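J.:
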Amino acid sequence: MPKILWMSPYSLHDISSGASIHCKTVLEGLVKRGFEVWSCSSFIFDVPNGARLFPNLKEKLENSKQNVFEMDENGIHYIYTRCRSTFETENTLAEQELHFQVFLEVLDRFAPDFVMAFGTDMGSMTCFAEAKRRGIVTIYPVLNGNHGHYSFPNTDIIMTDSKASENMYRSRDHIRMIPTGEIFDTSNFVAKKRDPKYVTFINPSFEKGLAIFAKLALRCKTELPDLRFLVVNSRGNFAENVQYLHVKGDKNQHPFTPKDFSNVDMTPGTNNMRPIFGSTKVLVAPSLWWESWGRVATEAVFNNIPVLSSTSGGLPEAAGGAGIHLQAPAHCVADYLSIPDDEEIEPWFEALKRLLNEDWSAQLTKAQEDLGIEKGLDRVIQILMPYIQERRNTHISFNHYGYLNS
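First residue of the sequence shown? That's 69 in the numbering used here, and the numbers climb one at a time after it.
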């Protein structure tokens, strides 16, 4: 069976990272299709609460003398190396060296056909170089718009999730990528029971469109007084961040206070999104920066929730036709803290009323068919198959000295 090794200091168990969630879902899906998958990582997470799948991680590491930890989960064999901090910037040279040495040992033990990872740090680049030196096919998944100045050394396959990102990188940076679509395991987030009562906004950070959401919530407060909004504080806090927003054209005027939003409820971030989606009528995703996909939009669709989003990147693809997508005001895109004026928020208000009052069941059903995990895995395997056949035909492998094995 084909063998894939995930190699990165970034943990696949990071529930705060859409990229990690995507890659973990892909690899678990490939296991079910007959691939053998190992992972060689460290305990690096985007934000501290991304490590919630490892409760009391810091205390457990402090109480253990081990440098390497191994476990099996959902068909994947995980190998983790010790680090004192979950922040990438605090990773020490000794910890990077430990990860690289363990990676070399895993290459010898596992002998993978593919090495897959993301990360532009020197450690990841060194691991990619070693994999290529041994004749292993390398895969880099690009799941944001931030790789324009990276040359992808020692990389055979560059995958991305959306056609929008593929087009953007090709036209802007002359980099060829292969779009696969996003891959979702619906068992992780589809609610079994639904009692929809909220218009929901996940992640109240400025770049995710907090200014548009806040203005929209206030617009609805008078005309739709019974409508409730929910903010999931997965990164940042709505009540705190809303106070930094400023009037269009005047950075010194901050009109919003938490007391203004009596129609908005808040809930902490969670790795169990089923109750959130179970109580959601419409998902709002007014992102202002480049969204290579927008996982929450697709997760909403699989929960029979229509989406109101910006046109940023792959967000329209993520909704699969089951929503309304509007261009964010240019000044909001240029300055994430700038609040739309009354005229600019009106199209968002009208679109929200449509999503609340119209029947979107047909669009949601079709979107669920188009975005299904099996179609996504088919696309990934189709990309990998020529390399699998070539390796089967040539039977070439290299030992750790870089010499051909007979």
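Ideal Cβ positions, reconstructed from N, Cα and C, are used throughout, including at glycine.
Remember, predicted model here, so these are calculated numbers, not experimental data.
With distances taken from CA atoms, which of P415, Q311, S330, N331 is nearest P354?
T.: On the sequence shown, residue 354 is found 286 positions in, with the first residue counted as 1. Residue P415 is the option with its Cα nearest to P354.
J.: Can you find at least 3 beta carbon pairs, one from the region 448-463 and one from the region 90-102, that sit closer than 8 angstroms?
T.: At 8 angstroms Cβ cutoff, the stretches touch.
J.: Can you list, in chain order, the residues of its chain with a C-beta nearer than 8 angstroms to that of K443? Leave out the 5 residues immediately preceding and following it.
T.: In the sequence shown, the residue the question calls residue 443 occupies position 375. Cβ neighbours of K443 beyond the five flanking positions: G249.
J.: When the Cβ atoms of the region 341-356 are set against those of the region 268-282, are three or more pairs found closer than 8 angstroms?
T.: The region 341-356, when compared against the region 268-282, does touch it at the 8 angstroms Cβ threshold.
J.: Identify, in the order they occur along the chain, each residue of the same chain with its Cβ nearer than 7 angstroms to the Cβ of M139, setting aside the five sequence neighbours on each side.
T.: Taking the sequence shown and counting its residues from 1, the one referred to as residue 139 is at position 71. Once the five neighbours on either side are set aside, the close Cβ partners of M139 are Y146.
J.: Secondary structure at A385, three-state DSSP: helix, strand or coil?
T.: Here residue 385 corresponds to residue number 317 of the sequence shown, with the count starting at 1. The residue you asked about is not Ala; residue 385 is Glu in the sequence shown. E385: helix per DSSP, three-state reduction.
J.: Whose CA, out of S85, E385, A390, G381, lies closest to the CA of V401?
T.: Within the sequence shown, residue 401 is the residue found at index 333, counting from 1. Cα-wise, what sits closest to V401 is G381.
J.: Report yes or no: is there a C-beta of chain D within less than 7 angstroms of the C-beta of L129?
T.: Looking for chain D here will not work: only one protein chain is present.
J.: Going along the chain, which unbroken runs of the alpha helix (DSSP H) with 4 or more residues stay wholly within the region 319-361?
T.: Here the runs fully enclosed are 342-346.
J.: Specify the secondary structure class of I72 as computed by DSSP and reduced to three states.
T.: Taking the sequence shown and counting its residues from 1, the one referred to as residue 72 is at position 4. Of the three classes helix, strand and coil, the one that applies to I72 here is strand, per DSSP.
J.: Rounded to whole angstroms, what is the Cα-Cα separation between V94 and Y455?
T.: Taking the first residue of the sequence shown as 1, we reach residue 94 at position 26. Taking the first residue of the sequence shown as 1, we reach residue 455 at position 387. Approximately 18 angstroms, taken between the alpha carbons.
J.: Reducing DSSP to helix, strand and coil, say where N305 ends up.
T.: As a first step, residue 305 is located in the sequence shown; it is residue number 237 there, counting from the start. Of the three classes helix, strand and coil, the one that applies to N305 here is coil, per DSSP.
J.: Using DSSP's beta-bridge definition, name the partner residues of W106.
T.: In the sequence shown, residue 106 corresponds to position 38, counting from 1. Paired residues: L73, H145.
J.: Would you tell me roughly how many angstroms separate the C-alpha atoms of P408 and H393, rounded to the nearest one?
T.: Indexing the sequence shown from 1 puts residue 408 at position 340. Indexing the sequence shown from 1 puts residue 393 at position 325. Between P408 and H393, the C-alpha separation is close to 16 angstroms.
J.: Just the C-alpha distance for A282 and L405, rounded to the nearest angstrom, thanks.
T.: Start at 1 with the first residue of the sequence shown, and residue 282 comes out as number 214. Start at 1 with the first residue of the sequence shown, and residue 405 comes out as number 337. Going from the Cα of A282 to the Cα of L405 covers about 11 angstroms.
J.: Report the rounded CA-to-CA distance for S474 versus V170, giving the unit in angstroms.
T.: Taking the sequence shown and counting its residues from 1, the one referred to as residue 474 is at position 406. Taking the sequence shown and counting its residues from 1, the one referred to as residue 170 is at position 102. Its pLDDT being 46, under 50, S474 is placed unreliably by the model, and nothing is read from it.
J.: Decide if S85 is buried, meaning its Cβ has at least 16 other Cβ atoms within 10 Å, or exposed.
T.: Counting from 1 along the sequence shown, the entry for residue 85 is found at position 17. It is buried - the Cβ of S85 has at least 16 other Cβ atoms within 10 Å.
J.: Taking DSSP's pairing of strands, which residues face G391 in a bridge?
T.: Walking along the sequence shown from the start, residue 391 turns up at place 323. Paired residue(s): V375.
J.: Just mark T433 as buried or exposed, buried being the case when its beta carbon has 16 or more other beta carbons within 10 Å.
T.: As a position in the sequence shown, residue 433 is number 365, starting the count at 1. Flag for T433 reads exposed.
J.: Write down every uninterrupted run of the alpha helix (DSSP H) in the region 213-245 whose length is 4 residues or greater and which is fully enclosed by it, in chain order.
T.: The region 213-245 contains these whole alpha helix (DSSP H) runs: 231-241.
J.: Between T228 and V210, is the Cβ-Cβ spacing less than 7 angstroms?
T.: Counting from 1 along the sequence shown, the entry for residue 228 is found at position 160. Counting from 1 along the sequence shown, the entry for residue 210 is found at position 142. Against a cut-off of 7 angstroms, the Cβ pair of V210 and T228 comes out as a contact.
J.: Would DSSP call T154 helix, strand or coil?
T.: Position 86 of the sequence shown, counting from 1, holds the residue named residue 154. Here T154 sits in coil by DSSP.
J.: Would you report the Cα separation of F113 and D82, rounded to the nearest angstrom?
T.: Position 45 of the sequence shown, counted from the start, is the residue given in the question as residue 113. Position 14 of the sequence shown, counted from the start, is the residue given in the question as residue 82. Rounded to whole angstroms, F113 to D82 spans 6 angstroms at the Cα level.
J.: Grouping DSSP H, G and I as helix and E and B as strand, with all else coil, what is T160?
T.: Position 92 of the sequence shown, counting from 1, holds the residue named residue 160. In this structure, T160 counts as coil in the three-state DSSP scheme.
J.: Check for me: the beta strand (DSSP E) holding V183 runs from which residue to which?
T.: By one-based count along the sequence shown, residue 183 stands at place 115. 182-184 is the span of the beta strand (DSSP E), which, as asked, contains V183.
J.: From the DSSP output, which residues share a beta bridge with I112?
T.: By one-based count along the sequence shown, residue 112 stands at place 44. Note: I112 sits in a beta bridge opposite Y78.
J.: Take R120 as the anchor and find which of F196, A162, S302 has the nearest alpha-carbon.
T.: To locate residue 120, count along the sequence shown from 1; it is residue 52. Considering only alpha carbons, the answer is S302.
J.: What number of angstroms, rounded off, separates the C-alpha of L151 from the C-alpha of E308?
T.: Stepping through the sequence shown from its first residue, residue 151 is reached at position 83. Stepping through the sequence shown from its first residue, residue 308 is reached at position 240. Here residue 151 turns out to be Cys, not Leu, going by the sequence shown. Their Cα atoms are separated by approximately 32 angstroms.
J.: May I ask you to verify whether the region 194-201 touches the region 213-222, counting CB pairs closer than 8 angstroms and requiring at least 3?
T.: Yes: the two stretches touch, three or more of their Cβ pairs being nearer than 8 angstroms.
J.: Quick one: grab the DSSP three-state call for D409.
T.: Stepping through the sequence shown from its first residue, residue 409 is reached at position 341. Coil, per DSSP.
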